[in-house]
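Beneath this line is the structure, given in structure tokens, with notes to follow.
Residue numbers (my numbering): 375 to 568.
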């Protein structure tokens, strides 16, 4: 990471998050019989932060959206263009300031390796107190192994996946809930379907 890290860090595989948002959009448009808008990026990262244990206050959170060099846009998010709409940008809300960085895997380092290297760097940073990680499900075991080997006693770590996964010394949350909120899907709509 090329910027000074915050106390709170969200590390996400941008392609995986975008794919899950697309899948949810397709399924819920059919189920709810209405158009689902693009996911609100600010709403999504705030929901991830809340699920990761952050509460209202003047916090600083760095959002790291890791991607391959050929990925320019998270198609199912607004804003979603990685280099010109998100990289270096920030917004403030009830949870404080969220600043975005969008490093890409290129050359000898692919995005999966970059994800693990970024996670290891963040875990070694004494300033970081809260880490929220959204890996591709194929990377989940590698991320869990990095966490197992790291000294994480002074950090609150939450891993996000679409279903409960084998655990470790971290909290787990379901990724779909934060994405549903960002897509504007309300619980009342789902109860009406039952």
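Glycine included, every Cβ here is placed at the ideal spot set by N, Cα and C. Note that this is a predicted model, so its numbers are computed, not measured.
Span separating the alpha-carbon of residue i from that of residue j
i	j	result
residue 523	residue 562	42 angstroms
residue 553	residue 547	12 angstroms
residue 503	residue 530	6 angstroms
residue 491	residue 471	24 angstroms
residue 460	residue 415	9 angstroms
residue 379	residue 412	29 angstroms
residue 408	residue 499	45 angstroms
residue 558	residue 468	19 angstroms
residue 542	residue 527	13 angstroms
residue 565	residue 406	11 angstroms
residue 448	residue 458	12 angstroms
residue 419	residue 430	14 angstroms
residue 489	residue 445	15 angstroms
Within 8 angstroms, strictly: CB atoms of residue i and residue j
i	j	result
residue 423	residue 435	yes
residue 432	residue 395	no
residue 382	residue 428	yes
residue 479	residue 487	yes
residue 512	residue 441	no
residue 533	residue 520	no
residue 496	residue 505	yes
residue 392	residue 509	no
residue 556	residue 417	yes
residue 514	residue 536	no
residue 463	residue 474	yes
residue 410	residue 493	no
Residue interval of the alpha helix (DSSP H) (run including residue i)
i	result
residue 494	485 to 498
residue 550	549 to 556
residue 471	No alpha helix (DSSP H) holds residue 471; the beta strand (DSSP E) holding it covers 470 to 475.
residue 522	514 to 523
Run of the beta strand (DSSP E) containing residue i, from where it starts to where it stops
i	result
residue 401	No beta strand (DSSP E) holds residue 401; the alpha helix (DSSP H) holding it covers 388 to 406.
residue 464	464 to 467
residue 446	Counting along the chain, residue 446 falls outside any beta strand (DSSP E), and DSSP gives it neither H nor E.
residue 533	530 to 535
residue 424	Here residue 424 belongs to no beta strand (DSSP E); instead the alpha helix (DSSP H) covers 415 to 425.
residue 460	First-last for residue 460: undefined, no H or E at that position.
Exposure label - residue i; buried when at least 16 CB within 10 Å
i	result
residue 426	buried
residue 421	buried
residue 443	exposed
residue 568	For residue 568, the pLDDT reaches just 48, beneath the cut-off of 50, and the residue's location in the model is therefore unreliable, leaving the point undetermined.
residue 476	buried
residue 549	buried
Cutoff 8 angstroms: residue i Cβ touching any chain C Cβ
i	result
residue 427	The structure shown contains no chain C; it holds only a single protein chain.
* Asked: Counting pairs of Cβ atoms below 8 angstroms between the segment 443 to 455 and the segment 400 to 409, do you hit three or more?
  -> no
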